[in-house]
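Trainee: The sequence shown begins at 0 in numbering that gives the first Met the number 0 and counts up one residue at a time. Every residue gets a Cβ at the ideal spot worked out from N, C-alpha and C, and that includes glycine. Note that the structure is predicted; figures quoted are calculated from it, not measured. Structure incoming, see below.
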Amino acid sequence: MKKIICLLLCSCLLFSYSAAVPNYSYAYGSVSYEDYSEPKSKYRILYGILLILGGGFLTYDGFRTVKTDISNPNVTMEFASTRSQGAFGGGPAYIVNSTGTIVNTGNVALNNVRVQITYNNTQGNAVSSLGTPIVYNSNGGYSINLDMNQAEVWTNRQGYTSTEASNNPWPGSGFGPFYGTYPSASGETLIRVLDITYDYSKKYKEEMNSVYEGIAGVLLLGGGIYLIVDYIISLRRFDYYMKKNSMNMYVEHAPDEFKLMLSKKL
């Protein structure tokens, strides 16, 4: 939408020149002072006002400061698990003991970090959809606050009673230890991380909305001011002087800058 507004306002600027001066050109050539004595179109004031209003809006919108959310909350985990088999009522019993570390690898501090884990069965499926919470060694609770780059050690103990061999803990034989990581597409063998929740305060970065939009607004403002001033104090006499002396002024675009150029035909 902003690009369309720029095109429309620039078109108004071009049309204003053509309406007031049908033969106006930036090319060199002989110029008669009588060419500049005709009445100026009153539409130039209207075009000037439109360009000033549009340019003012684009300048404000382009150069205004906006806040961008740059928050990147993230944690990584490494863990090792062992399993043991006991005799609980109802069938073979399995106990899975896990320990590991959790690290805040994001760019914001995390509060009330809670992690739910479960074990994988021989089919590679999570046995529980809810799992059990890990316990943090430093406070003995299920939640903890983590500053950036802070690491904490945790443990987890899960007891399961299974009446079907297919629900036995992965990998079906052996007692471990079995190692895993989070997040990872592989490596979570005996246990699986089901859910990680936390709270955090968003981090913002202040930056300019759009430099190019602001520059376009300044150019339109300049065009609008020129049209109005030209109508009031007849700045076109300066054009006559320039053309009479085979001189020309123009704006040239170079990488990362605009140049106001003056040329003279020898």
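Could you spell out where the alpha helix (DSSP H) holding residue 188 opens and where it closes?
Mentor: Position 189 of the sequence shown, counted from the first residue, corresponds to residue 188. Neither: residue 188 is in no alpha helix (DSSP H) and is coded neither H nor E.
Trainee: CB residue 97 to CB residue 136, shorter than 8 Å?
Mentor: Here residue 97 is taken as the residue at index 98 of the sequence shown, counted from 1. Here residue 136 is taken as the residue at index 137 of the sequence shown, counted from 1. It is not a contact, given that the beta carbons lie outside the stated cut-off.
Trainee: Quick check on DSSP: helix, strand or coil for residue 219?
Mentor: As a working note, residue 219 is residue 220 in the sequence shown. Correct three-state label for residue 219: helix.
Trainee: Less than 8 Å between the CB atoms is what I'm expecting for residue 55 and residue 216, so what's the real figure, rounded?
Mentor: As a first step, residue 55 must be located in the sequence shown, where it is residue number 56. As a first step, residue 216 must be located in the sequence shown, where it is residue number 217. The Cβ separation is near 7 Å, so the contact holds.
Trainee: Can you find at least 3 beta carbon pairs, one from the stretch 138-157 and one from the stretch 97-108, that sit closer than 8 Å?
Mentor: Enough Cβ pairs lie closer than 8 Å, so yes.
Trainee: Given residue 75, which residues of its chain have a CB within under 6 Å of its CB, disregarding the five upstream and five downstream residues?
Mentor: Here residue 75 refers to the residue found at position 76 when the sequence shown is read from its first residue. Closer than 6 Å at the Cβ level, and outside the excluded window around residue 75, lie 102, 104.
Trainee: Let's see if you can read the secondary structure: which residues bound the alpha helix (DSSP H) around residue 59?
Mentor: Looking up residue 59 in the sequence shown gives position 60. Taken as a continuous stretch (DSSP letters only), the alpha helix (DSSP H) holding residue 59 covers 42-62.
Trainee: CA-CA distance, residue 59 and residue 195?
Mentor: Taking the first residue of the sequence shown as 1, we reach residue 59 at position 60. Taking the first residue of the sequence shown as 1, we reach residue 195 at position 196. Cα-Cα distance, rounded: 42 Å.
Trainee: Can you have a look at residue 205 and say buried or exposed, based on whether 16 or more other CB atoms are within 10 angstroms of its CB?
Mentor: To locate residue 205, count along the sequence shown from 1; it is residue 206. That one is exposed.
Trainee: Between residue 65 and residue 208, how many whole angstroms is the CB-CB distance? I'm expecting something under 8 Å.
Mentor: Residue 65 sits at position 66 when you count from the first residue of the sequence shown. Residue 208 sits at position 209 when you count from the first residue of the sequence shown. About 5 Å separates the two Cβ atoms, so the contact holds.
Trainee: If we call anything under 8 Å between Cβ atoms a contact, is residue 191 one with residue 117?
Mentor: Counting from 1 along the sequence shown, the entry for residue 191 is found at position 192. Counting from 1 along the sequence shown, the entry for residue 117 is found at position 118. Yes.
Trainee: Taking the C-alpha atoms as reference points, what is the distance between residue 127 and residue 139?
Mentor: Locating residue 127 in the sequence shown gives position 128, counting from the first residue. Locating residue 139 in the sequence shown gives position 140, counting from the first residue. Residue 127 and residue 139: Cα-Cα distance of roughly 23 Å.
Trainee: For the stretch 102-180, list the beta strand (DSSP E) runs that are entirely contained and at least 3 residues long, ordered along the chain.
Mentor: Listed in chain order, they are 109-118, 143-145, 150-160.
Trainee: Beta carbon of residue 158, beta carbon of residue 69: below 8 Å?
Mentor: Working through the sequence shown from its first residue, we reach residue 158 at position 159. Working through the sequence shown from its first residue, we reach residue 69 at position 70. Result no, Cβ atoms of residue 158 and residue 69 do not sit closer than 8 Å.
Trainee: Would you kindly report the start and end of the unbroken beta strand (DSSP E) that includes residue 204?
Mentor: Along the sequence shown, read from residue 1 onward, the residue named residue 204 stands at position 205. Its beta strand (DSSP E) spans residues 203-207.
Trainee: Could you give the distance in angstroms between the alpha-carbon of residue 212 and the alpha-carbon of residue 222?
Mentor: Position 213 of the sequence shown, counted from the start, is the residue given in the question as residue 212. Position 223 of the sequence shown, counted from the start, is the residue given in the question as residue 222. The alpha-carbon atoms of residue 212 and residue 222 are separated by roughly 15 Å.
Trainee: For residue 131, count the other beta carbons within 10 Å of its own beta carbon; 16 or more makes it buried, fewer makes it exposed. Which is it?
Mentor: As a working mapping, residue 131 is identified with position 132 in the sequence shown. That one is buried.
Trainee: Identify which residue in 210, 247, 57, 78 has its Cα closest to the Cα of residue 150.
Mentor: Translated into the one-based positions of the sequence shown, residue 150 becomes position 151. Cα-wise, what sits closest to residue 150 is 78.
Trainee: Compare the C-alpha of residue 153 against each of 201, 100, 125, 261 and name the closest.
Mentor: Within the sequence shown, numbered from 1, the residue matching residue 153 stands at position 154. Among 201, 100, 125, 261, the Cα nearest to that of residue 153 is on 100.
Trainee: What's the C-alpha gap between residue 244 and residue 261?
Mentor: If you number the sequence shown from 1, residue 244 lands on position 245. If you number the sequence shown from 1, residue 261 lands on position 262. The alpha-carbon atoms of residue 244 and residue 261 are separated by roughly 12 Å.
Trainee: Given a cut-off of 8 Å, decide if residue 119 and residue 193 are closer than it, judged by their beta-carbon atoms.
Mentor: For the purposes of this step, residue 193 is taken as the residue at position 194 of the sequence shown. For the purposes of this step, residue 119 is taken as the residue at position 120 of the sequence shown. No, they are not a contact pair.
Trainee: Counting only the same chain and skipping the five closest in sequence on each side, list residues whose C-beta sits under 7 Å from that of residue 202.
Mentor: One-based indexing of the sequence shown puts residue 202 at position 203. Taken in chain order, the residues that qualify are 69, 70, 106, 107.
Trainee: Look at the Cβ atom of residue 268, then the Cβ atom of residue 176, and state whether they are nearer than 8 Å.
Mentor: Residue 268 is absent from the model: the chain starts at 0 and stops at 265.
Trainee: DSSP state of residue 263, grouped into three classes?
Mentor: Position 264 of the sequence shown, counted from the start, is the residue given in the question as residue 263. Residue state, collapsed to three classes: strand.
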